[in-house]
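Residue numbers (numbering that gives the first Met the number 0), protein chains in the order written: chain D, 0 to 224; chain V, 0 to 224; chain Y, 0 to 224; chain G, 0 to 224.
4 protein chains.
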Amino acid sequence: MTGRPAQNRTADAAKRKPKFRRRAEARPDDILDAALKLFSIKGFSPARMEDVAKEAGISKGAIYLYFPSKKALLEGLIRRAVVPVADSALQMIAAHRGDPRPVIRKFLTMVAGAIKGPDGFAVPKLVIREAAAVPEIARMYREEVIDKALPAMTGLIAQGVEGGYIRDVDPELTVRTVIGPLFMHVLLDEVFGIRPEDGLAIDRLVDNHLTILMAGLAPERNGAR
Amino acid sequence: MTGRPAQNRTADAAKRKPKFRRRAEARPDDILDAALKLFSIKGFSPARMEDVAKEAGISKGAIYLYFPSKKALLEGLIRRAVVPVADSALQMIAAHRGDPRPVIRKFLTMVAGAIKGPDGFAVPKLVIREAAAVPEIARMYREEVIDKALPAMTGLIAQGVEGGYIRDVDPELTVRTVIGPLFMHVLLDEVFGIRPEDGLAIDRLVDNHLTILMAGLAPERNGAR
Amino acid sequence: MTGRPAQNRTADAAKRKPKFRRRAEARPDDILDAALKLFSIKGFSPARMEDVAKEAGISKGAIYLYFPSKKALLEGLIRRAVVPVADSALQMIAAHRGDPRPVIRKFLTMVAGAIKGPDGFAVPKLVIREAAAVPEIARMYREEVIDKALPAMTGLIAQGVEGGYIRDVDPELTVRTVIGPLFMHVLLDEVFGIRPEDGLAIDRLVDNHLTILMAGLAPERNGAR
Amino acid sequence: MTGRPAQNRTADAAKRKPKFRRRAEARPDDILDAALKLFSIKGFSPARMEDVAKEAGISKGAIYLYFPSKKALLEGLIRRAVVPVADSALQMIAAHRGDPRPVIRKFLTMVAGAIKGPDGFAVPKLVIREAAAVPEIARMYREEVIDKALPAMTGLIAQGVEGGYIRDVDPELTVRTVIGPLFMHVLLDEVFGIRPEDGLAIDRLVDNHLTILMAGLAPERNGAR
DNA sequence: AATGAATGAGGCTTCATTCAT
DNA sequence: CATGAATGAAGCCTCATTCAT
Numbered sequence: 000m001t002g003r004p005a006q007n008r009t010a011d012a013a014k015r016k017p018k019f020r021r022r023a024e025a026r027p028d029d030i031l032d033a034a035l036k037l038f039s040i041k042g043f044s045p046a047r048m049e050d051v052a053k054e055a056g057i058s059k060g061a062i063y064l065y066f067p068s069k070k071a072l073l074e075g076l077i078r079r080a081v082v083p084v085a086d087s088a089l090q091m092i093a094a095h096r097g098d099p100r101p102v103i104r105k106f107l108t109m110v111a112g113a114i115k116g117p118d119g120f121a122v123p124k125l126v127i128r129e130a131a132a133v134p135e136i137a138r139m140y141r142e143e144v145i146d147k148a149l150p151a152m153t154g155l156i157a158q159g160v161e162g163g164y165i166r167d168v169d170p171e172l173t174v175r176t177v178i179g180p181l182f183m184h185v186l187l188d189e190v191f192g193i194r195p196e197d198g199l200a201i202d203r204l205v206d207n208h209l210t211i212l213m214a215g216l217a218p219e220r221n222g223a224r
Numbered sequence: 000m001t002g003r004p005a006q007n008r009t010a011d012a013a014k015r016k017p018k019f020r021r022r023a024e025a026r027p028d029d030i031l032d033a034a035l036k037l038f039s040i041k042g043f044s045p046a047r048m049e050d051v052a053k054e055a056g057i058s059k060g061a062i063y064l065y066f067p068s069k070k071a072l073l074e075g076l077i078r079r080a081v082v083p084v085a086d087s088a089l090q091m092i093a094a095h096r097g098d099p100r101p102v103i104r105k106f107l108t109m110v111a112g113a114i115k116g117p118d119g120f121a122v123p124k125l126v127i128r129e130a131a132a133v134p135e136i137a138r139m140y141r142e143e144v145i146d147k148a149l150p151a152m153t154g155l156i157a158q159g160v161e162g163g164y165i166r167d168v169d170p171e172l173t174v175r176t177v178i179g180p181l182f183m184h185v186l187l188d189e190v191f192g193i194r195p196e197d198g199l200a201i202d203r204l205v206d207n208h209l210t211i212l213m214a215g216l217a218p219e220r221n222g223a224r
Numbered sequence: 000m001t002g003r004p005a006q007n008r009t010a011d012a013a014k015r016k017p018k019f020r021r022r023a024e025a026r027p028d029d030i031l032d033a034a035l036k037l038f039s040i041k042g043f044s045p046a047r048m049e050d051v052a053k054e055a056g057i058s059k060g061a062i063y064l065y066f067p068s069k070k071a072l073l074e075g076l077i078r079r080a081v082v083p084v085a086d087s088a089l090q091m092i093a094a095h096r097g098d099p100r101p102v103i104r105k106f107l108t109m110v111a112g113a114i115k116g117p118d119g120f121a122v123p124k125l126v127i128r129e130a131a132a133v134p135e136i137a138r139m140y141r142e143e144v145i146d147k148a149l150p151a152m153t154g155l156i157a158q159g160v161e162g163g164y165i166r167d168v169d170p171e172l173t174v175r176t177v178i179g180p181l182f183m184h185v186l187l188d189e190v191f192g193i194r195p196e197d198g199l200a201i202d203r204l205v206d207n208h209l210t211i212l213m214a215g216l217a218p219e220r221n222g223a224r
Numbered sequence: 000m001t002g003r004p005a006q007n008r009t010a011d012a013a014k015r016k017p018k019f020r021r022r023a024e025a026r027p028d029d030i031l032d033a034a035l036k037l038f039s040i041k042g043f044s045p046a047r048m049e050d051v052a053k054e055a056g057i058s059k060g061a062i063y064l065y066f067p068s069k070k071a072l073l074e075g076l077i078r079r080a081v082v083p084v085a086d087s088a089l090q091m092i093a094a095h096r097g098d099p100r101p102v103i104r105k106f107l108t109m110v111a112g113a114i115k116g117p118d119g120f121a122v123p124k125l126v127i128r129e130a131a132a133v134p135e136i137a138r139m140y141r142e143e144v145i146d147k148a149l150p151a152m153t154g155l156i157a158q159g160v161e162g163g164y165i166r167d168v169d170p171e172l173t174v175r176t177v178i179g180p181l182f183m184h185v186l187l188d189e190v191f192g193i194r195p196e197d198g199l200a201i202d203r204l205v206d207n208h209l210t211i212l213m214a215g216l217a218p219e220r221n222g223a224r
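Now the structure itself:
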């Protein structure tokens, strides 16, 4: 759950290519954009440095002016995407008091928004794919994203249970129920191309999920079950 | 959501190797076991045929007696895992009439059981990883698993809504809410090593999720919303 | 001072090449022969593995079946050449008692013989060239050859001085006078193509050198100097 | 046997670099100094132009303002070192009449002096290393140094023999006996780090060698041998 | 004149695949 | 059937050289 703006410098670079030599400016970012694209399409290992270079509008060797190795490219990719997440959304959650359900609603909406953009899910998907082979990126992503987001949500739910806003559930496991559906929705789309007829429909997904979730988390009326 | 019955011949083969010449039958399955293991650990592309051979207790060349290429190994892997799923569980679902919620409960429990075993999630994870690079396996898995399971569940929910057993939700999207949490739970475990303190706890996860889910799907008491 | 027989398997291999695949036998030695040749001609760094392979009559990849890297090839080269030297000639020297001058004569003749063959000096020359860049080979050659030969000669001379067979010289430095000329002779030939009109004439060189050396080492007649 | 007068501007340049922009003159010499240092340490081929530039305190591109290629750098190096030798010492030798042994003594002392300085042997060693790969430098060094020094010494000895100052030896081969030990001494030091306990001790080496050499060259007393 | 970013040919090494045994 | 030596295409990375600034 991250995403990155990724300005399309790539296209511009391609146009300027006719010139024999080019000049510096935002090269590392261009390269990371290109790498993200190709690693996403072909996977880290099969993607060729030459293709990344071409996509970035530079030469093979130029990449090594900014990144010492292919693996460093991957790590740089994750690192760049991971930084902004850290503090932005989570303050809101951790600081909350009172009924946590509006916060949950806001959180899911926010995540949905981040994912909707083009390649909004590219980095997480890449992490999932390559985590087994490149443990560093799994660790980095875990430490910077998961280990911050998950406890925040868990705490929010725990506090909701204590405050009587939420039925007596296991907070740690309930987090899966909260975000799992959103995750699954995107994965079905990204991996198998499975999506509702009217496009990604991520807003409708969140709405539908929230309807069920809120009812499901609501404290039992009297004691019925 | 599959798993592979394929008994762990791998380990046995390795043990017997030094002694007796390996048995002549069941070779392809041994190879697929080895391939699954190595593709899971290192990824498809970085895994070497030689390692697969060693893991299977045979020679490099012997693999090619049964599989024409590395890619065929991957496809064979998916195909093997995919076949049994097809018909087993889904009949139950498609055939159902009446309150669908017990079926949902049974379904999730069943899937949880399949995943719990060692490498019960290996194949789906492999599909997720390699789908972008090897479209064939994405297609195959989609056609054989997803396109059977998803509509079955969707129909079950739709019918539940019609029958008044389930609140008025979008069946297609609700499927994500039903199975997403289970999926997320396993992925957190497999990719990041994140799991509850008492182990995978997949049964507790299902219990907790079902509690929320059933309450969330229950028809509104009178008509409020 | 070493040399190696180096049977010309190379040529034969070339003839057999028309066959698509070849069989194993003395492959590592063939490869070392080829490597020695090419490293000698072009130097270690500029020599290409592909050329070594071609010279050896095999494919690029086949080299790596026997040697893990280019550097290992160089080290293997030195190691192979170095082993035989160790014990052969030096026993004679170390064991000697009495007038050492006949032994010196024998020693120089022996070394001259070893050098005379084709490429008899190839390995030492390679060591000299690459020692600065690949310290391992310098160390290996030093430990296996120099550190055995030099002390043996030094001891021989020291004992000759003590026994009154040799004038009062510094044994450690005199070793340079004993073998330096032979060394210089070969180097002039190998590096600059400078040799007497009648070919390498190494026997004549030794004769001439011995004449001077023996007179030079002889104890002073009465006491003059 | 040469050495290079070229004052060690290298070290100075490095020190001044951070402060003032470097002086505009004498750049080529700085570059050659840097090149000599790096070629000596790593060898011609492995040494990188960038490192040479850094060592010289200038930029990569600046080298190409003075030398058209890496090879030209090597050749320039040799050429610079070679010029002074040509005329200086050899006049003395060629012009000599009478007993040549004092001249030999003077010559060896002179060469020893040239070698003693830091890197006094760097160029010859470089020539030896790269001669096989870059024939131009071998030829140049030969023509400018060897072909001048060797015949001069040969002639000196020949004349000594004719004049009865030296025993009846082959002048061409005797040259090896005269200078070989000095050469060997330095090579043992430079290549293998082998030197007498009290340092290079090149003066003692020359003394010891001369003792033997003079006695060895002296005409036979009456006829004994 | 000087810089150093950029290029791209080329080298080492890997590994899927073949095939002689 | 099985083996594993051998092949050779291909990938990562280096670095001499160029040239826009």
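Where is the CB? At the ideal position from N, CA and C, for every residue including glycine.
Within 8 Å of any Cβ in chain Y, is that where the Cβ of residue i sits?
| i | result |
| --- | --- |
| Ala68/G | Contrary to the premise, residue 68/G reads as Ser rather than Ala in this sequence. No, its Cβ sits nowhere closer than 8 Å to a Cβ of chain Y. |
| Gly179/G | yes |
| His95/G | no |
| Thr108/G | no |
Would a check of beta-carbon distances place residue i closer than 8 Å to chain D?
| i | result |
| --- | --- |
| Ser44/V | yes |
| Phe191/V | yes |
| Val168/V | yes |
| Arg3/V | Note that Arg3/V scores a pLDDT of 46, beneath 50, so its modelled location is shaky; the value from the coordinates is reported in the next line. No - not a single Cβ of chain D is within 8 Å of the one on Arg3/V. |
Going along chain D in order, which residues have a C-beta closer than 8 Å to the C-beta of residue i?
| i | result |
| --- | --- |
| Lys41/V | Ala131, Ala132 |
| Met152/V | What Met152/V touches in chain D: nothing, since even the nearest Cβ is about 12 Å away. |
| Leu186/V | Ile127, Phe182 |
| Leu72/V | Chain D residues near Leu72/V: none, gap ~16 Å exceeds 8 Å. |
When you compare the CB of residue i with every CB in chain G, is at least one pair closer than 8 Å?
| i | result |
| --- | --- |
| Val102/Y | no |
| Leu216/Y | yes |
Cβ closer than 7 Å: which chain Y residues qualify as neighbours of residue i?
| i | result |
| --- | --- |
| Glu171/G | Pro195 |
| Ile145/G | Phe191, Ile193 |
| Ile57/G | Neighbours of Ile57/G on chain Y: none; closest Cβ ~24 Å, over 7 Å. |
Run down chain Y in chain order and give the residues with a C-beta less than 8 Å from the C-beta of residue i.
| i | result |
| --- | --- |
| Leu204/G | Leu172, Arg175 |
| Arg141/G | Phe191, Gly192, Ile193 |
Closer than 8 Å by C-beta to residue i: which residues in its own chain qualify, once you throw out the five before and the five after it? Chain order, please.
| i | result |
| --- | --- |
| Phe66/G | Pro27, Ile30, Leu72, Gly75 |
| Leu149/G | Val174 |
Closer than 7 Å by C-beta to residue i: which residues in its own chain qualify, once you throw out the five before and the five after it? Chain order, please.
| i | result |
| --- | --- |
| Gly163/V | Pro218 |
| Ala121/Y | Leu35, Ser39 |
For chain V, is any of its Cβ atoms less than 8 Å away from the one on residue i?
| i | result |
| --- | --- |
| Arg78/D | no |
| Leu212/D | yes |
In chain order, what residues of the same chain have a beta carbon less than 6 Å from the beta carbon of residue i, not counting five sequence neighbours either side?
| i | result |
| --- | --- |
| Leu204/V | His184 |
| Arg21/V | Its pLDDT being 46, under 50, Arg21/V is placed unreliably in this model, and the value from its coordinates should be taken loosely. Hits under 6 Å: Gly56. |
| Met139/D | Ile77 |
| Ile211/G | none |
| Ala151/V | Leu89, Ile92, Ala93 |
Against residue i, what residues of chain G qualify as contacts under a CB-to-CB distance less than 7 Å, listed in chain order?
| i | result |
| --- | --- |
| Ala137/Y | Val190, Phe191 |
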